[in-house]
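Student:
Structure (structure tokens):
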């Protein structure tokens with residue numbers, strides 16, 4: 101439905117594009133629910149888009165034909181005039197009972213996997229926080245981009261985060277996807293980080309989880325691409341708080357498939373749902389004590405040429421539209437044979453840390469960040 105709407109908008113729009121690069125002309129930003137039972141998806145066509153690619157910058161203005169022209173100079177003069185305000189007096193309600201219930205769900209999932217019902221399922225949990233003033237998404241983005249420059253930061257309709265996982269990117273006929281599955285913490289120093297990375301690369305449990313995720317992405321892209329390139333071994337992606345097994349998949353489009361259609365064919369991947377997909381999805385509905393909303397769904401942008409980027413909405417939080425002082429954070433873990441409930445709880449806490457630190461200035465201090473990672 102979003103694709104049909106966007107195609108109609110682009111057909112009915114007079115486009116004057118003197119730059120002619122991916123992301124110029126009309127650009128829509130979108131965030132989709134994890135499944136059809138989730139809250140509504142949102143597509144936004146901004147009136148103003150400031151874009152930058154390499155050393156080129158541009159300003160896109162979208163307006164009704166009969167409306168007065170907008171002077172670019174006036175727009176540029178206003179950019180950055182409002183300074184982001186960091187969240188103040190952030191409180192974290194006790195969620196011990198909810199963590200205990202989630203741990204029990206993980207144990208049941210392990211039992212089902214061991215019994216041969218499925219190979220993998222991803223179970224997520226949520227955490228709520230409250231600030232004394234409305235939460236400014238720009239302040240969160242500022243901290244996230246500073247701490248996690250190797251991730252893709254996003255803010256669409258109150259969903260804010262920095263995801264390390266690119267569901268699909270399209271530039272012309274080149275398609276790429278970054279698959280993550282298998283996680284350890286980053287370590288206190290380079291020596292420990294190296295040891296943990298070596299353990300991750302040698303872990304049968306994590307390698308099996310990663311292989312399932314890569315296979316699901318490769319199978320979906322193969323229906324649209326030729327010359328699909330899938331590395332035989334994963335690499336380590338090291339972030340500020342965690343290290344992931346990562347595989348970058350590339351292909352050449354065989355047809356003029358727009359990025360949104362590619363995202364639809366890929367979602368949900370094994371990295372956020374499980375394998376087989378239908379059984380994993382059914383188990384998520386049974387064992388996960390929440391509605392994911394737009395968490396773990398595609399989030400990104402698309403232009404009128406079919407180019408764009410859609411990440412998976414991970415390491416993120418949803419600002420409550422009814423109460424902007426309240427935010428809901430998410431984290432999920434891939435459960436496979438060999439998983440341990442307590443270890444998955446620890447991993448989920450590590451994955452919550454980017455948004456916790458973006459919200460709480462006390463956690464952003466280096467000493468407190470070290471303590472947060474040890475939680």
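Numbering (the working numbering), first residue to last: 101 to 475. Glycine included, C-beta positions come from ideal geometry on N, C-alpha and C.
Going residue by residue through the region 263-327, where are the continuous alpha helix (DSSP H) segments of at least 4 residues, counting only ones entirely within it?
Tutor: Segments of the alpha helix (DSSP H) lying fully in the region 263-327: 290-301, 304-322.
Student: Select from 123, 256, 151 the residue whose C-alpha is nearest the C-alpha of residue 143.
Tutor: When only C-alpha atoms are compared, the closest one is 256.
Student: Can you find the residues in the same chain that come closer than 7 Å, C-beta to C-beta, to residue 214, ignoring five residues on each side of it along the sequence?
Tutor: If we look at residue 214 and ignore the five residues flanking it on each side, its Cβ neighbours are 437.
Student: By DSSP, does residue 227 sit in helix, in strand, or in coil?
Tutor: DSSP places residue 227 in strand when its eight states are reduced to three.
Student: Between the region 300-314 and the region 427-447, can you find at least three pairs of beta-carbon atoms closer than 8 Å?
Tutor: Because the criterion of three Cβ pairs below 8 Å is met, the region 427-447 and the region 300-314 touch.
Student: Can you name, in chain order, every residue of its own chain whose Cβ lies under 6 Å from the Cβ of residue 383, other than the five neighbours on each side?
Tutor: Cβ within range, chain order: 221.
Student: Who does residue 160 pair with in a DSSP beta bridge?
Tutor: DSSP, once it has assigned bridges, lists 149 as partnering residue 160.
Student: Give me the Cα-Cα distance between residue 465 and residue 458, rounded to the nearest whole angstrom.
Tutor: With a pLDDT of 40 at residue 465, under the threshold of 50, the modelled position of this residue cannot be trusted; read the value that follows with caution. Computed Cα separation, rounded: 11 Å.
Student: Identify which residue in 168, 377, 342, 404 has its Cα closest to the Cα of residue 77.
Tutor: Since the first residue of the chain shown is 101 and the last is 475, residue 77 is not available in this structure.
Student: Have a look at the DSSP bridge pairing and note the partners of residue 347.
Tutor: Paired residue(s): 279.
Student: Is it true that the CB of residue 345 sits closer than 9 Å to the CB of residue 337?
Tutor: Yes, Cβ-Cβ distance for residue 337 and residue 345 is below 9 Å.
Student: From which residue to which residue does the beta strand (DSSP E) around residue 131 run?
Tutor: Counting along the chain, the beta strand (DSSP E) containing residue 131 begins and ends at 127-131.
Student: Under 9 Å, do residue 80 and residue 392 count as touching if we go by C-beta distance?
Tutor: Only positions 101 to 475 of the chain appear in this structure, which leaves residue 80 out of reach.
Student: With a 10 Å radius around its C-beta and 16 neighbouring C-beta atoms as the bar for buried, classify residue 326 as buried or exposed.
Tutor: Under this definition residue 326 is an exposed residue.
Student: Closest by CA to residue 386, which one among 370, 201, 398, 303?
Tutor: Measuring from the Cα of residue 386, the nearest candidate turns out to be 201.
Student: Just the C-alpha distance for residue 247 and residue 166, rounded to the nearest angstrom, thanks.
Tutor: Those two C-alpha atoms are separated by around 44 Å.
Student: Contact between the region 366-376 and the region 288-295: three or more CB pairs below 8 Å?
Tutor: Flag = no, the region 366-376 and the region 288-295 do not touch.
Student: With a cut-off of 8 Å on the beta carbons, I'd call residue 397 and residue 413 a contact; round off their distance for me.
Tutor: Indeed they touch by this definition, with Cβ atoms about 5 Å apart.
Student: For a quick check, are the C-beta atoms of residue 328 and residue 315 less than 9 Å apart?
Tutor: Not a contact, by the Cβ cut-off of 9 Å.
Student: Residue 205: which of 224, 101, 190 sits nearest, CA to CA?
Tutor: Closest option to residue 205, Cα to Cα, is 224.
Student: Go ahead and pull the three-state DSSP assignment for residue 472.
Tutor: Only weak support is given to the placement of residue 472: the predicted model assigns it a pLDDT of 39, under 50, and the question is left unresolved by the model.
Student: So, under 8 Å CB-CB, residue 267 and residue 130 are touching, yes? Tell me the CB distance rounded to an integer number of Å.
Tutor: Wrong, their Cβ atoms sit about 12 Å apart, outside the cutoff.
Student: For the alpha helix (DSSP H) that residue 449 lies in, which residues bound it at each end?
Tutor: First-last of the alpha helix (DSSP H) with residue 449: 441-459.
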